[in-house]
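Below you'll find the structure, written out as structure tokens, and then a few comments.
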Amino acid sequence: MVIKFFRYLVDEYSSNKFVSELMIFDKDKEMSEPYSRIEQIQTQPVDWTYIPTKSEVEQYYLSATYQDSLSRESYYYPAFEIKPDQYLDHKIKSTDDRAFLELVRKRVGSNFNLIASQFQDFDIIIFTEGSNDFAIVKDLADKYQIHGAVFNIPIHGFSEYQKAIYFKDAYEQLIGKHPKYTLVLDRDYYPEEYLREVMKKLHKNGIRTVFTPGKELENLFLSQKVIDNLFTDESRERFSNFWDDLFESEHLECYATYMKLHNEFLDPKLDNKSVTTKYTPLFEKKWNKKSIRFQMISGKRALHKLRKFYRNEFNKNLSQKMLIKTLVDSNEGYIRRFVNKIYHVK
């Protein structure tokens, strides 16, 4: 059985031209074609002289890792499964469109996520602000038994949301496939008017936008139902006092950030006084209502402090696995709808 792999390199070592690399090796023989390792893409010119053994290739693609050169965030791809039948019918795709390649290089660079995405067919590409966000989303989908071939591409922050459009364009023109697309964004304290603008722009480009119900994805774990299921009757009063103190200490910073983003992203014709007069009461109303205030606080900071309190109280860690289970067991309908929307489940 002959197995074929296609890799696309878009970087400074491709001589200003898009390169398609066909790697072929026989199931029972050594590698017969030149091949270059994934980690060389951003670190050194391609070495076309090195020919690895079949076992080296199998091991490498089953456990490939990569560290982004800018964010230093590491990615792990354990699912490069070698399935001969899946690749035999693939055709090599190449292009000499230098203008487009320069645009890809400018917008997304030599991105491992784009390269890795060619090894399997995907039903959905989910863009997230970071790989940790996708881990939460995927764990929730697994708990809800939502399955499908999904690939994640982190864009590293809300302000980089347009990268989803660039990745989609590059993926479809260079890879030649047309999956569904979802971008999951923390709504943060951006005004609703601005969020609608972002959603409209992405929708126009064929990407579904899903904003987190609360400020950040981590706010999902801070609801009253989740809290009630985490603590015993004996510890609940101590936690309640701690929780109230936390909201009191976080109030000023959260409000200041809320107003900063509203002043920055609302209609510039509105002066600061008008923005403060209109939006301060809205913030305070949500902040002071205990049933929904968990959506307003900084989720990452609050979850960090919640975990610390839990560890001190019970002498054990509050793991993500436990949080996911507690969240799903809370039977909050909006959580299921949130995940369904990400995965295009009707």
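If you're matching positions, the sequence shown starts at 6 in this note's numbering and goes up one per residue.
Positions of the beta carbon are idealized from the N, C-alpha and C atoms, including for glycine.
Nothing here was measured: the structure is a model prediction, and the numbers come from that model.
With residue i as the anchor, note down where its alpha helix (DSSP H) starts and where it stops.
i, result
"V344", "G338 to I347"
"I158", "Per DSSP, I158 belongs to no alpha helix (DSSP H); it is in the beta strand (DSSP E), V155 to P159."
"L281", "The question names Leu, but residue 281 is Thr in the sequence shown. Segment N277 to N293, the alpha helix (DSSP H) holding T281."
"I329", "Q325 to D334"
"I170", "Q167 to A175"
"I232", "Q229 to L235"
"I141", "S136 to K148"
"R201", "E197 to K209"
"S255", "Position check: residue 255 holds Glu in this sequence, whereas Ser was assumed. Residues D238 to F270."
"K305", "G304 to F319"
Between residue i and residue j, how many whole angstroms is the CB-CB distance? I'm expecting something under 8 Å.
i, j, result
"I151", "V344", "6 Å"
"F127", "F172", "Contact doesn't hold; Cβ gap of about 13 Å is too wide."
"G304", "L227", "6 Å"
"L266", "D193", "7 Å"
"E202", "L271", "The pair is not a contact, with the Cβ atoms about 11 Å apart (cut-off 8 Å)."
"I347", "I180", "Going by Cβ atoms, the distance from I347 to I180 rounds to 22 Å, so no, they are not a contact pair."
Compare the C-alpha of residue i against each of the options and name the closest.
i, options, result
"E165", "K291, A140, D191 and P184", "D191"
"K182", "D174, L188 and V189", "D174"
"V142", "L251, E223 and F314", "E223"
"F216", "N268, V231 and G162", "G162"
"G219", "H208, Y263 and K206", "Y263"
"I212", "A307, V231 and V189", "V189"
"L328", "V231, F299 and E255", "V231"
"I160", "L145, E177 and N137", "N137"
"M301", "R316, D233, N317 and A261", "A261"
"Y315", "D233, Y176 and Y195", "D233"
"C259", "Y195, K185 and F244", "Y195"
"F244", "E255, N277, K209 and K313", "K313"
"I170", "Y149, N210 and Q229", "N210"
"R308", "W292, Q325 and K295", "According to the sequence as given, residue 308 is Leu; it is not Arg. Nearest of W292, Q325 and K295 to L308, Cα basis: Q325."
"E255", "L207, K185, N293 and S279", "N293"
"S240", "R342, L200 and N317", "N317"
What does the alpha-carbon distance come out to for the pair residue i and residue j?
i, j, result
"L225", "I340", "8 Å"
"N322", "K330", "15 Å"
"G153", "E253", "43 Å"
"F236", "G135", "30 Å"
"D334", "K283", "38 Å"
"N268", "K205", "21 Å"
"A140", "P273", "37 Å"
"R306", "D250", "14 Å"
"E177", "T187", "15 Å"
"E352", "W248", "Given that the chain is displayed from residue 6 to residue 351, the structure contains no residue 352 and the question cannot be resolved."
"N277", "N336", "41 Å"
"R298", "T285", "15 Å"
"I158", "K295", "35 Å"
"D238", "T281", "41 Å"
"H208", "S279", "31 Å"
"N246", "K291", "19 Å"
"L200", "Q229", "26 Å"
"Y149", "P184", "22 Å"
Using 10 angstroms around the beta-carbon of residue i, count the other beta-carbons present and answer buried if the total reaches 16, otherwise exposed.
i, result
"T133", "buried"
"L287", "exposed"
"E289", "exposed"
"K319", "Looking at the sequence itself, residue 319 is Phe, so the reference to Lys does not match. Classification for F319: exposed."
"V350", "exposed"
"D33", "Confidence in D33 is poor, its pLDDT being 41 and thus under 50, which makes the residue's placement unreliable; the coordinate value appears in the next sentence. Looking at its Cβ environment, which holds fewer than 16 other Cβ atoms inside 10 Å, D33 is exposed."
"L376", "Since the displayed the chain opens at 6 and closes at 351, residue 376 lies outside it and no answer follows."
"L311", "buried"
"L257", "exposed"
"T214", "buried"
"E221", "buried"
"L275", "exposed"
"K168", "buried"
"L332", "buried"
"R342", "exposed"
Starting from residue i and walking both ways along the beta strand (DSSP E), at which residues does that stretch end?
i, result
"F216", "R213 to F216"
"V189", "K185 to L190"
"F132", "I129 to T133"
Indicate, with yes or no, if the ligand HEM has a heavy atom lying under 7 Å from the CB of residue i.
i, result
"F156", "Only the bare structure without any ligand can be found here, which leaves the ligand HEM out of the picture."
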